[in-house]
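Per the working numbering, numbering through the sequence shown is continuous, rising by one, with the last residue being 348. C-beta: ideal position from N, C-alpha, C; glycine also. First up is the structure itself, then whatever we jot down about it.
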Amino acid sequence: MMKRTRLAIVGCGGMSEVHTQRFFKLGDRLHVVACVDIIEERARAAAAMFPGAKAATDYRTVLDDVDAVLLVLPHHLHAPIGIDCLLAGKHVLLEKPMANTEQECLELIAASEKAGRVLMIAYCMRYHPLVVRMKELLDAKRYGEVFQVSIWTEQLTIYPPGHWAVKAETLGGGQFFSHGCHYIDILLWFLGRPVCGSHLGTNLGTPWMEREGTSNVTIQFESGALGYHFGTWGARGTRLGYSFHAHCTEGMLEARFTENKLIFHHGGKEEVLLETEPGKHTENEMAHFLDCIETGRRPLTDGPGSLQGLRVIWRLYEAEQKGVVADLRGLGLDEIDPQSLKPIRRSK
Ligand SMILES: NC(=O)c1ccc[n+]([C@@H]2O[C@H](COP(=O)([O-])OP(=O)(O)OC[C@H]3O[C@@H](n4cnc5c(N)ncnc54)[C@H](O)[C@@H]3O)[C@@H](O)[C@H]2O)c1
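Here it is, written out as structure tokens:
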């Protein structure tokens with residue numbers, strides 16, 4: 001049998017439960033040996049799911065026992081704990097968003113390079129079967145040229161007062177930074193390099209949030225295509241739930257997450273192209289992380305790509321404050337001029 005990757009889960013709150021639900025599917029490749037949370041009962045409850053797993057309250061006490069860590073932590077802890085684990089020689093699967101500042105993201109990327117260990121960002125939507133198929137169909141131009149991708153995420157997410165996720169400093173922004181980062185990442189993946197865009201946010205309807213709880217984002221891409229994202233944590237009701245629409249010159253592709261279906265719309269008809277099991281499919285994301293550890297390949301959702309998405313968000317926030325349209329060119333690490341270290345400006 002192939003050697004199993006020994007993993008510690010650090011942070012055993014809400015999202016860690018989503019990850020662990022489907023780990024049984026990876027039993028022959030993955031061995032959860034420790035669960036860590038500063039709240040001991042959470043660490044114990046998580047460890048109880050894995051025979052022989054240790055429960056701990058300090059991640060440093062388990063690093064000698066593992067090859068890799070899954071970090072499911074408040075955002076302000078992503079960089080310090082992620083860097084510490086990488087420099088201790090551990091592969092890191094880090095929940096999104098990578099970190100709260102540009103500097104911290106660059107330090108995470110540098111630590112992964114220095115240690116020669118995998119740093120992968122847990123953008124689970126990239127590994128969701130409906131999204132993967134949509135990307136394949138768009139790339140193959142199966143239904144012609146794509147000219148508009150719209151992404152809706154409507155949910156009610158209320159955190160108690162004082163929770164790290166309501167404070168701008170620990171969350172790193174509002175719902176757009178925290179949750180919208182998934183969809184900026186998807187729009188860049190589907191549509192390529194961004195040119196310009198705008199974000200408007202409000203916390204009307206989500207008074208528990210220090211910054212916005214609802215966002216509207218529009219981005220124009222080099223191809224001329226447009227991307228749109230509407231995300232809210234204040235939905236008391238919804239019809240669309242989570243839904244991606246890609247308008248192409250021959251019809252519209254819809255990833256309808258409420259029914260776990262990929263649908264092609266054309267001439268008033270609906271054709272179901274794919275149906276999946278419900279859920280976030282984080283087992284595919286973990287399988288990709290294990291592939292990268294086993295083969296040395298670069299993760300699809302690596303540090304540099306994730307940083308580009310966060311730079312887009314920071315630019316959009318800045319432009320919103322100034323009341324201008326954001327210039328989104330030259331924000332990828334592959335677009336930095338190596339001499340001047342300044343972004344390479346491309347003409348439109
Ligand atoms: N991909 C997704 O769909 C998705 C959904 C929700 C959350 N997330 C991400 O998951 C991460 C965690 O979010 P959550 O909703 O689970 O938050 P949470 O508050 O429910 O859980 C965080 C846990 O970390 C623990 N913790 C805090 N400091 C710690 C430390 N120093 N060492 C060990 N444990 C510590 C807390 O006690 C808590 O149990 C965030 O990055 C968030 O953005 C991703």
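| Item | Value |
| --- | --- |
| Just to confirm my understanding: we take residue 307, look at its own chain, exclude 5 residues before and 5 after, and list those with CB closer than 6 Å. What are they? | 105 |
| In this structure, what does DSSP give as the bridge partners for residue 206? | Paired residue(s): none; residue 206 is not in a bridge. |
| Mind checking whether the beta-carbon of residue 285 lies closer than 6 Å to any heavy atom of ligand 1? | no |
| Can you determine whether any heavy atom of ligand 1 sits closer than 6 Å to the C-beta of residue 60, and answer yes or no? | no |
| Just the Cα atoms here: how many angstroms apart are residue 312 and residue 328? | 6 Å |
| Rounded to the nearest angstrom, how far is the Cβ of residue 5 from that of residue 31, given a contact under 8 Å? | 7 Å |
| Specify whether the region 185-195 and the region 217-229 touch according to this definition: at least 3 beta carbon pairs, one from each stretch, less than 8 Å apart. | yes |
| Answer with buried or exposed for residue 68, where buried requires no fewer than 16 other C-beta atoms within 10 angstroms of its C-beta. | buried |
| Return the Cβ separation of residue 77 and residue 95 in integer angstroms, given the expectation that the two are a contact with Cβ distance under 8 Å. | Wrong, their Cβ atoms sit about 10 Å apart, outside the cutoff. |
| Quick check: the region 160-177 against the region 288-297, are at least 3 beta-carbon pairs closer than 8 Å? | no |
| What distance in whole Å lies between the Cβ atoms of residue 71 and residue 82, which are believed to be in contact at a cut-off of 8 Å? | 6 Å |
| When you compare the region 153-160 with the region 120-139, are there three or more beta-carbon pairs, one atom per stretch, that lie closer than 8 Å? | no |
| Below 6 Å, is the gap between the Cβ of residue 15 and the nearest heavy atom of ligand 1? | yes |
| Assign residue 247 to one of two classes, buried (16 or more other C-beta atoms within 10 Å of its C-beta) or exposed (fewer than that). | buried |
| Less than 7 Å between C-beta atoms, sequence neighbours within five positions excluded: which residues of the same chain meet that for residue 212? | 174, 175, 176, 201, 202, 203 |
| Name the DSSP beta bridge partners of residue 194, please? | 221 |
| Would you mind working out which of 218, 119, 240 sits nearest residue 183, comparing C-alpha positions? | 218 |
| Give me the Cβ distance between residue 257 and residue 241, rounded to the nearest whole Å; I'm assuming they're in contact under 8 Å. | 6 Å |
| So residue 33 packs on residue 7, CB below 8 Å; how close in whole Å? | 7 Å |
| Along the chain, where does the alpha helix (DSSP H) containing residue 45 start, and where does it finish? | 40-47 |
| Taking 7 Å as the cut-off, decide whether the C-beta atoms of residue 63 and residue 88 are in contact. | yes |
| Please state the DSSP three-state secondary structure of residue 134. | helix |
| Does residue 66 pass the burial test, meaning 16 or more other C-beta atoms within 10 Å, or should it be called exposed? | buried |
| Any heavy atom of ligand 1 closer than 6 Å to the beta-carbon of residue 66? | no |
| Looking only at its chain, what residues have a beta carbon closer than 6 Å to the beta carbon of residue 238, apart from the 5 residues adjacent to it on each side? | 154 |
| Which residues in the same chain have their Cβ closer than 7 Å to the Cβ of residue 43, if we skip the five residues on either side of it in sequence? | 12, 35, 36, 37, 55, 56, 57 |
| Decide if residue 249 is buried, meaning its Cβ has at least 16 other Cβ atoms within 10 Å, or exposed. | exposed |
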